[in-house]
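First the structure, in the form of structure tokens, and then the observations on it.
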Ligand code: ZN
């Protein structure tokens with residue numbers, strides 16, 4: 212069975228950046244399952260999976276525009292540490308939700324210098340080329356319920 216719209220695909224993957232550092236991997240875990248055509252995974256990877264079948268292995272380099280987006284310098288801001296009133300200790304790597312011009316925004320603390328905290332509203336993988344190594348393990352038809360929900364139920368998917 213080939214990967215196409217309304218099919219559920221399970222696959223193992225290793226994601227590395229351009230320096231070869233492993234950013235994420237399904238090794239030692241259940242394969243990831245997604246509903247093809249529903250935007251569950253980054254567009255560049257979804258496009259590379261289309262038309263393949265169980266047992267296929269391949270590598271694909273996904274550009275930022277087809278991955279987690281380009282890095283917007285305007286989403287990097289410096290704020291006084293007093294803005295974090297109520298937080299015992301602000302540390303690099305902490306994530307907060309902040310009110311932005313277009314609604315709530317997830318920001319990550321990327322630097323602290325004295326009383327000044329640098330926060331970044333970009334996705335942590337924004338601006339990066341995503342190098343995927345993929346092994347397709349299963350392709351099946353989605354159930355009607357999965358198609359209506361827009362995601363996979365059961366192993367590797369949403370439990371509810
Ligand atoms: Zn559901």
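Residue numbers (my numbering): 212 to 371.
C-beta: ideal position from N, C-alpha, C; glycine also.
Please return the same chain residues whose Cβ sits closer than 8 Å to the Cβ of residue i, not counting the five positions on each side in sequence.
{"i": "residue 270", "result": "342, 343, 344 and 345"}
For residue i and residue j, I'd like the C-alpha separation in whole angstroms.
{"i": "residue 254", "j": "residue 278", "result": "6 Å"}
{"i": "residue 325", "j": "residue 318", "result": "19 Å"}
{"i": "residue 316", "j": "residue 221", "result": "30 Å"}
{"i": "residue 216", "j": "residue 263", "result": "12 Å"}
{"i": "residue 213", "j": "residue 295", "result": "50 Å"}
{"i": "residue 322", "j": "residue 349", "result": "42 Å"}
{"i": "residue 224", "j": "residue 333", "result": "23 Å"}
{"i": "residue 347", "j": "residue 297", "result": "46 Å"}
{"i": "residue 290", "j": "residue 314", "result": "18 Å"}
Once the 5 residues before and after residue i are set aside, which same chain residues still bring their CB inside 7 Å of it?
{"i": "residue 246", "result": "219, 353, 357, 361, 362 and 363"}
{"i": "residue 338", "result": "275, 281 and 282"}
Would you list the residues sitting across from residue i in a DSSP beta bridge?
{"i": "residue 351", "result": "219"}
Report yes if the C-beta of residue i is less than 7 Å from at least one heavy atom of ligand 1; otherwise report no.
{"i": "residue 247", "result": "no"}
{"i": "residue 219", "result": "no"}
Item checked: Whole runs of the beta strand (DSSP E) within the segment 283-331, excluding any shorter than 3 residues -> 287-291, 306-311, 314-324 and 327-331
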